[in-house]
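Protein chains in written order, with the working numbering: chain A, 1 to 247; chain B, 1 to 851.
Positions of the beta carbon are idealized from the N, C-alpha and C atoms, including for glycine.
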Ligand SMILES: Nc1ncnc2c1ncn2[C@@H]1O[C@H](COP(=O)(O)OP(=O)(O)OP(=O)(O)O)[C@@H](O)[C@H]1O
Ligand SMILES: [Mg+2]
């Protein structure tokens with residue numbers, strides 16, 4: 001059964017002559033526990049798709065359905081609640097609130113959901129320890145490396161135990177090693193904790209961690225690849241595919 | 001809630017300097033309002049404490065509602081009321097004494113600067129009070145003349161004993177009184193008392209056949225019975241009389257009240273500035289934190305939470321700022337009370353107690369301080385809630401939105417300014433005052449509209465200036481791409497300077513007015529001035545004999561005097577100044593706000609009065625041509641208001657001028673408390689000076705001054721006064737200037753990233769610095785230009801509004817404008833240089849990482 005699916009999802013920015021069709025009748029399905037990567041050349045609509053999936057932006061046509069509910073029918077407050085409880089986000093930049101410590105940042109979604117501060121702190125700390133940040137609980141973001149910041153962001157995305165994690169270029173800002181760390185962390189999230197992850201990336205090596213790849217071009221889904229097993233050649237395979245598309 | 005608090009607190013702490021500066025704005029407002037409102041109640045409490053002490057063993061005192069004198073017949077029949085044990089009548093009069101009158105020694109600071117002369121009925125007085133006459137002396141007896149009973153302490157001050165004589169000024173010159181009895185040392189606060197027989201006091205004060213108080217003792221201590229008896233007494237005495245303590249402070253009180261109103265206006269203006277600063281800061285704050293807010297929204301914070309974060313931040317600043325404001329305000333209030341202690345003691349013989357702080361005042365001050373902060377944060381908080389999660393992910397959305405929102409604001413602003421200008425045209429004070437507030441708000445709203453095209457032109461200009469250096473296009477882009485930043489910065493400068501220039505215009509007009517009024521009010525050749533020239537009721541005047549003798553001197557021309565009484569209209573107490581309608585305009589003269597010199601003729605012809613500006617404010621609704629009922633000792637009398645005008649000495653107290661003939665007929669007052677006269681043309685000062693001094697010598701209550709000298713003295717005083725005003729102005733302008741520097745600095749800091757970019761593409765440090773400073777200066781210049789224009793309008797409005805009270809006309813504040821330009825540019829440069837240096841020094845990589 002699919003956790004999330006879209007039907008003819010379309011997003012048009014602007015109007016008249018300057019209108020840009022960022023997404024063009026996109027219909028995809030993602031199952032529970034699946035790790036999906038979205039790839040495609042720059043400007044093909046990857047971020048736009050992710051924003052629509054997470055209810056951060058509204059579509060021009062078509063719909064997004066999560067757990068049987070269409071997002072278009074929801075009010076702002078309900079959408080907010082949905083994001084808080086069912087979806088975790090990880091972005092490329094600007095991920096953390098600069099004035100809050102690592103543990104405070106990580107606990108934000110559940111604090112916002114009304115969990116008692118002490119309890120929220122405990123749960124956030126548990127996640128951070130799992131990601132080897134037990135020593136840096138009380139550091140502010142500017143005292144953490146980029147990779148560490150991103151791990152805090154992943155912890156934050158997971159702390160509310162959401163069914164779905166949406167990540168937009170989570171490794172785009174990191175060096176190779178930190179990028180690998182984050183990607184395997186996300187894989188672990190699907191395998192060990194049974195969450196669903198949809199990750200946007202244009203790095204074939206990072207995409208290789210996923211179970212399935214969706215290729216976008218000019219706002220349309222043009223291809224899908226299921227990666228059978230981790231054999232070390234997937235990255236090369238994907239790189240070839242990308243070249244084919246014309247990146 | 002905990003989370004919101006944590007976030008608010010951390011953000012505040014994160015920008016310490018800015019938080020400090022914004023909070024300072026609240027502190028100033030609360031400080032002024034709180035501090036100033038401590039002063040009046042403290043003085044009142046001091047009055048009451050002294051009054052209570054003076055009331056002594058007496059159960060009730062009946063006095064005329066005006067505090068003035070009345071015929072003794074009022075007491076008739078009161079003694080027959082059931083439950084009244086005894087009554088006695090008396091004439092009380094505070095007598096201000098000239099410097100060194102008692103001790104005759106300039107080296108010693110005067111301890112006694114005023115006494116209360118009390119004329120009593122020796123027979124009945126003793127049935128109410130116990131007078132413990134010391135060994136060897138006696139009490140007063142009916143028929144005594146020129147004898148007195150005083151306390152040991154007063155006798156010590158005069159250095160006299162039984163049988164010696166003490167001197168007191170009276171309306172007919174100095175009177176020597178033989179001390180026949182001495183009472184124990186005075187221990188209660190208030191003036192030392194000089195007891196004489198009633199007729200003696202009436203002669204000395206020129207109030208023949210008049211009394212000022214009826215003291216009553218009851219023969220029961222049961223509260224309910226006493227209340228019933230007092231009610232009966234009150235109805236027997238009639239409407240014009242009040243039971244309770246005398247109110248000699250009412251005149252002083254009225255003048256204090258005017259001051260308090262003015263100070264409150266300052267406070268409200270300061271708070272308004274504070275509100276604007278906070279509004280401005282929060283706008284910047286919200287713009288700065290768009291990403292944070294968007295991120296919070298993305299991970300599940302709803303709109304209410306976002307609004308709450310900003311509002312709580314405002315609340316925190318409001319509470320902290322108001323708290324500090326309360327403490328500092330208390331210090332200031334207490335400090336001023338301490339400073340006022342000496343003059344209060346000397347002029348009114350009142351000892352000040354601890355500063356009086358009512359819980360209501362604390363509550364109001366807090367409410368105002370916190371309320372303004374939260375209110376100012378409201379719109380930015382709502383804007384913050386409108387930030388979408390997408391704003392965290394896209395950098396350019398924000399500006400589109402603000403520009404859209406400015407449209408509605410600008411229209412509202414234009415409407416407000418139009419209304420303000422219409423209000424100005426009506427000429428109604430209250431409208432004008434309201435209008436100026438609208439004008440300020442309107443200006444803030446319209447500023448974006450006015451500044452948009454300028455920002456664009458600016459961009460072009462900088463582009464031209466720096467075109468050669470290859471970074472012109474970037475600089476151009478900076479200004480046009482972030483119009484909201486440009487607008488905020490320039491409008492902060494504009495408002496800041498508008499207030500400086502407006503206040504500058506106000507003070508220069510006021511000082512000009514005072515200078516000319518001093519000359520017209522006090523421009524006579526000679527002045528005889530009493531110890532207190534603002535609180536007449538304590539001044540012992542002189543009888544007709546003095547002016548007659550002065551007139552008899554060869555070479556003395558017109559003589560004009562002021563006489564004084566107190567009256568009331570519907571309970572509002574009013575100072576009455578009696579003038580001679582014939583000589584007054586020739587020697588001195590009023591500045592007319594409505595009507596003209598012909599009003600003097602009306603005063604001479606019947607019950608007519610000229611009222612001053614304070615009067616028209618205190619009794620709003622009364623106009624020239626209206627008739628009013630004045631409370632007099634003989635019942636109400638109908639007077640017609642024939643003009644509005646004011647002299648210097650009485651401008652701040654609610655005052656009406658009537659003819660001396662009417663003052664004598666209706667208020668039984670014929671003593672002159674202030675005398676001025678001219679010499680005949682061609683007469684040399686030297687030839688008459690000694691004769692004048694000789695005549696006046698018997699009236700030590702007056703200081704004789706040749707007019708010019710006094711004017712110089714007064715002008716000196718005016719200068720000191722204005723020094724104080726300028727200090728206040730600086731006080732008020734400070735927060736605006738802080739706001740200006742604040743926004744200018746923030747606008748540079750905000751661009752750290754761009755500056756890094758410039759450096760990355762090859763701009764030298766010097767180029768960066770020069771570009772940033774030039775840009776800030778240009779911004780400051782626009783703000784300054786608009787600020788000066790707006791300030792001139794505001795100043796004009798304020799002066800117009802004051803014109804209701806004083807004969808004042810708008811002075812073009814050239815100095816203020818030059819000062820404004822200097823301040824605008826200096827502060828503009830200052831605000832840019834420091835961050836610009838920092839920016840230039842930044843490592844390129846660091847700057848690029850700055851978020
Ligand atoms: N707010 C907007 N207004 C107008 N056009 C937009 C807006 N946001 C995105 N677009 C356009 O929509 C298209 C898709 O943008 P999107 O950000 O989804 O691309 P992307 O695949 O994430 O690219 P990248 O890999 O560079 O991040 C692009 O052509 C972009 O220019
Ligand atoms: Mg993208």
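List the whole-angstrom C-beta distance separating residue i from residue j, where the pair is believed to meet the contact cut-off of C-beta under 8 Å.
i	j	result
residue 362(B)	residue 328(B)	About 14 Å; that fails the 8 Å criterion.
residue 610(B)	residue 657(B)	4 Å
residue 146(A)	residue 105(A)	The Cβ separation is near 15 Å, so there is no contact.
residue 794(B)	residue 491(B)	Actually they are not in contact, since the Cβ atoms of residue 794(B) and residue 491(B) sit about 15 Å apart, beyond 8 Å.
residue 61(B)	residue 87(B)	Contact flag wrong, Cβ pair sits at about 10 Å.
residue 574(B)	residue 655(B)	7 Å
residue 30(B)	residue 322(B)	5 Å
Residue i touches chain A at which residues, Cβ-Cβ below 7 Å?
i	result
residue 389(B)	56
residue 16(B)	The premise fails here: residue 16(B) is roughly 12 Å from chain A at the closest Cβ pair, so nothing lies under 7 Å.
Assign residue i to buried or exposed, taking buried as 16 or more other Cβ atoms, counted over all protein chains shown, within 10 Å of its Cβ.
i	result
residue 627(B)	exposed
residue 625(B)	exposed
residue 396(B)	Here residue 396(B) scores only 44 on pLDDT, less than 50, and its place in the model should not be relied on; the value that follows carries that caveat. It is exposed - the Cβ of residue 396(B) has fewer than 16 other Cβ atoms within 10 Å.
residue 16(A)	exposed
residue 668(B)	buried
residue 815(B)	exposed
residue 719(B)	exposed
residue 853(B)	Given a span of 1 to 851 for chain B in the structure shown, any question on residue 853(B) remains unanswerable.
residue 659(B)	buried
residue 227(A)	buried
residue 400(B)	For residue 400(B), the predicted structure reports a pLDDT of 38, less than 50, and the residue's modelled location is therefore unreliable. A value from the coordinates is still provided. Counting Cβ neighbours within 10 Å, residue 400(B) comes out exposed, since fewer than 16 surround it.
Under 7 Å from any heavy atom of ligand 2, does the C-beta of residue i make it?
i	result
residue 217(A)	no
residue 11(A)	no
residue 57(A)	no
residue 168(A)	yes
In chain A, what lies closer than 8 Å to residue i by C-beta?
i	result
residue 11(B)	99
residue 7(B)	97, 99 and 100
Residues of chain A with CB under 9 Å from residue i, in chain order?
i	result
residue 306(B)	The contacting residues do not exist; residue 306(B) stays about 10 Å from chain A at best.
residue 303(B)	76, 77 and 80
Going by the C-beta, is residue i closer than 7 Å to any heavy atom of ligand 1?
i	result
residue 25(A)	no
residue 48(A)	yes
residue 22(A)	yes
residue 107(A)	no
residue 294(B)	no
residue 5(A)	no
residue 62(A)	no
residue 45(A)	yes
residue 42(A)	yes
residue 179(A)	no
residue 88(A)	no
Using a cut-off of 9 Å between C-beta atoms, extract the partners of residue i located in chain B.
i	result
residue 211(A)	Ordered by position in chain B, no residue passes the 9 Å Cβ test against residue 211(A), which lies about 25 Å from the chain.
residue 112(A)	3, 296, 299, 300, 301, 302 and 305
residue 84(A)	299, 300, 301 and 302
Just the chain B side, please: which residues come within less than 7 Å of residue i by C-beta, in chain order?
i	result
residue 109(A)	299 and 300
residue 89(A)	298 and 299
Run through chain B and tell me which residues come within less than 8 Å of residue i, C-beta to C-beta.
i	result
residue 156(A)	299
* To do: Return the chain-ordered ranges of every alpha helix (DSSP H) run that is complete within the segment 329-392 of chain B and spans a minimum of 4 residues.
  => Taking only runs of at least 4 residues, the alpha helix (DSSP H) segments lying wholly in the segment 329-392 of chain B are 359-385.
* **Runs of alpha helix (DSSP H) wholly within the segment 3-77 of chain B (minimum 4 residues, chain order)** => The alpha helix (DSSP H) runs of length 4 or more contained entirely in the segment 3-77 of chain B are, from start to end of the chain, 16-55.
* Unbroken stretches of the alpha helix (DSSP H), 4 residues or longer, contained in the segment 609-659 of chain B -> Counting only runs of 4 or more residues that sit fully inside the segment 609-659 of chain B, the alpha helix (DSSP H) segments are 613-618, in chain order.
* Taking a cut of 7 Å between CB atoms, which residues from the segment 114-135 of chain A lie near chain E? -> The structure shown contains no chain E; its protein chains are A and B.
* To do: Could you name each continuous beta strand (DSSP E) segment of 3 residues or more that falls completely within the segment 183-246 of chain A, going from the start of the chain to the end?
  => Within the segment 183-246 of chain A, the complete beta strand (DSSP E) runs of at least 3 residues are 196-200, 212-217 and 220-226.
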